[in-house]
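Colleague: Just so you know, the sequences run in chain order A and B. If you're matching positions, the first sequence starts at 441 in our numbering and goes up one per residue. If you're matching positions, the second sequence starts at 441 in our numbering and goes up one per residue. Note that CB positions come from ideal geometry on N, CA and C, so glycine has one too.
2 protein chains.
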Amino acid sequence: MDSHRTYSIRQLSKEFDVTARALRFYEDKGLIHPERKGQTRLYSSRDRARLQLILRGKRLGFSLIEIQEILDLYTPNDHGVAQMRATLGKYRRQIETLKRQREDIDAAIHDMQDGCIWLEGEITKMEAENLKPGNA
Amino acid sequence: MDSHRTYSIRQLSKEFDVTARALRFYEDKGLIHPERKGQTRLYSSRDRARLQLILRGKRLGFSLIEIQEILDLYTPNDHGVAQMRATLGKYRRQIETLKRQREDIDAAIHDMQDGCIWLEGEITKMEAENLKPGNA
DNA sequence: CCATATCTTTACGTTGACGTAAATGTAAAC
DNA sequence: GTTTACATTTACGTCAACGTAAAGATATGG
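Next up, the structure:
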């Protein structure tokens, strides 16, 4: 099992290309809770996974507070049917948010691809121009 | 043609649910360039379109500077084959960025959907528990 | 034993993206 | 004609998300 490994703050910060300061900051904000061996932090692979989620959230433009809420969705819910139903609702709303974002992305991609096609056309036109007689 | 309409700053801010302050701020940063009738701003439908792009960029987590660069891709390029090739390159890199972002989103959606399925299962289990004899 | 490296906390600094307040201009409405 | 509703500029305030500097604990190598 690789799941019992631990990581130092440097290892994680290098692996994911974030500063140690950022990791401590996320901890300060309650997004991660590494153990302590004496004074120094020991990150578990579960912490590592949470960090991955944090960074993915950032790439998607979520604030740390929003990311916090998303992380809460991932933390095991101390049963109780009502609680679980509530959590399920949050999951579904989050999925809707993400799907809307996906539509934004698809729209942007399509726009850009259309732009590419148009540009390619213009370029070929201009190249043809430059080969016409009289342009020596 | 609807394309010659103009909009006041309030109209735009209401339609897109942003403050007038934000619109002036975007102008300050060079993202939009509305005309002036005397002192007051008159937004064209082209300005409106740019605003849409700005807000989409924000929803996708881009900074105003990044959005500025994206907008530059949309502004007609005063021909010159070299320039157009450069622009084409930028388009393509931007598309790659967006596609990577889409992969992040897809991953997030899948995670959440798995979570939903698991949760639904747990809930049905617990409901079954509560109906067993001896739980009166 | 001492230097070097890596960890820690505390605390002030910075940048981006606006918010908000103050003072003023203009145009329609009563 | 003055109130009402909207526009303007200038300028300081704010919040998030860290950066950065200072000062110290810990361990490892030479």
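Taking Cβ-Cβ distances below 9 angstroms as the criterion, which residues of the stretch 487 to 513 of chain A are in contact with chain B?
Modeller: Under the 9 angstroms Cβ criterion, the stretch 487 to 513 of chain A contributes Leu493, Arg496, Gly497, Lys498, Arg499, Leu500, Gly501, Phe502, Ile510, Leu513.
Colleague: Put Arg392/B into one of helix, strand or coil per three-state DSSP.
Modeller: Residue 392/B is absent from the structure shown; chain B starts at 441 and stops at 576.
Colleague: From Glu567/B, Thr446/B, Val458/B, Leu511/B, pick the residue whose C-alpha is nearest to that of Tyr483/B; which is it?
Modeller: Nearest of Glu567/B, Thr446/B, Val458/B, Leu511/B to Tyr483/B, Cα basis: Thr446/B.
Colleague: List the residues of chain A that Gln534/B touches, going by C-beta distances under 7 angstroms, in chain order.
Modeller: Within chain A, the residues near Gln534/B are Met552.
Colleague: Return the residues of the stretch 545 to 572 of chain A that lie within a Cβ-Cβ distance of less than 9 angstroms from chain B, sorted by chain order.
Modeller: Cβ contacts with chain B: Ile545, Asp546, Ala547, Ala548, Ile549, Asp551, Met552, Gln553, Gly555, Cys556, Leu559, Glu560, Glu562, Ile563, Met566, Glu567, Asn570.
Colleague: Leaving out five residues before and five after Leu452/A in sequence, what residues of the same chain have Cβ atoms less than 7 angstroms from its Cβ?
Modeller: Cβ within range, chain order: Leu463, Tyr483, Arg488, Leu491.
Colleague: Among all the DSSP beta bridges, which residues are the ones paired with Arg476/B?
Modeller: Bridge partners of Arg476/B: Arg481/B.
Colleague: Among the candidates Lys565/B, Gln508/B, Ala568/B, whose CA atom is the shortest distance from the CA of Ile472/B?
Modeller: When each option's Cα is compared against that of Ile472/B, the closest is Gln508/B.
Colleague: Give the range of the alpha helix (DSSP H) segment to which Asp518/B is assigned.
Modeller: Premise fails: Asp518/B is in no alpha helix (DSSP H) and is neither H nor E.
Colleague: Please classify Thr446/A: does DSSP put it in a helix, a strand, or coil?
Modeller: Here Thr446/A sits in strand by DSSP.
Colleague: Comparing C-alpha positions only, which one of Ile545/A, His444/A, Asp544/A, Glu562/A sits nearest to Leu522/B?
Modeller: Checking the displayed sequence, the identity of residue 522/B turns out to be Ala instead of Leu. Ranking the options by Cα distance to Ala522/B, first place goes to Glu562/A.
Colleague: Going residue by residue through the stretch 513 to 576 of chain A, where are the continuous beta strand (DSSP E) segments of at least 3 residues, counting only ones entirely within it?
Modeller: The qualifying runs do not exist here; there are none.
Colleague: Pair every Cβ in the stretch 531 to 539 of chain A with every Cβ in the stretch 502 to 516 of chain B, then say whether three or more of these pairs are closer than 8 angstroms.
Modeller: In short, these stretches do not touch, since the Cβ pair count stays below three.
Colleague: Taking the alpha carbon of Glu506/A as the point to measure from, which residue in Leu495/B, Lys565/B, Gly501/B, Arg525/B has its own alpha carbon closest?
Modeller: Checked all of Leu495/B, Lys565/B, Gly501/B, Arg525/B; the closest Cα to Glu506/A is Gly501/B.
Colleague: Could you give the distance in angstroms between the alpha-carbon of Pro474/B and the alpha-carbon of Ile494/B?
Modeller: About 15 angstroms.
Colleague: Taking 8 angstroms as the CB-CB limit, is Tyr531/A close to chain B?
Modeller: Yes, Tyr531/A counts as interfacial toward chain B.
Colleague: In three-state terms, what does DSSP make of Asp468/B?
Modeller: Helix at Asp468/B.
Colleague: So if I threshold CB-CB distances at 7 angstroms, which residues from the stretch 465 to 479 of chain A count as touching chain B?
Modeller: The residues in question: there are none.
Colleague: So Arg542/A packs on Asp544/B, CB below 8 angstroms; how close in whole Å?
Modeller: So it is not a contact: roughly 10 angstroms between Cβ atoms.
Colleague: I want to see whether chain B comes within less than 8 angstroms of Lys454/A, judged by CB atoms only; does it?
Modeller: No, Lys454/A does not count as interfacial toward chain B.
Colleague: Quick one: list the residues of chain A neighbouring Thr527/B, beta-carbon separation under 7 angstroms, in chain order.
Modeller: Here the neighbours are Leu559.
Colleague: Quick one: residues in its chain with C-beta nearer than 8 angstroms to the C-beta of Leu528/A, no 5 flanking neighbours on either side, listed in chain order?
Modeller: So no residue of the chain qualifies.
Colleague: Mind pulling the chain A residues with CB within less than 8 angstroms of Gln521/B?
Modeller: Sequence inspection shows Val at residue 521/B; the Gln mentioned does not correspond to that position. Ordered by position in chain A, the residues that pass the 8 angstroms Cβ test against Val521/B are Ile563, Met566, Glu567, Asn570.
Colleague: Taking the alpha carbon of Phe456/A as the point to measure from, which residue in Lys469/A, His444/A, Arg496/A has its own alpha carbon closest?
Modeller: The candidate whose alpha carbon is nearest that of Phe456/A is Arg496/A.
Colleague: Which residues of chain A have a Cβ atom closer than 8 angstroms to the Cβ of Leu538/B, listed in chain order?
Modeller: The answer, in chain order, is Ile545, Ala548, Ile549, Met552.
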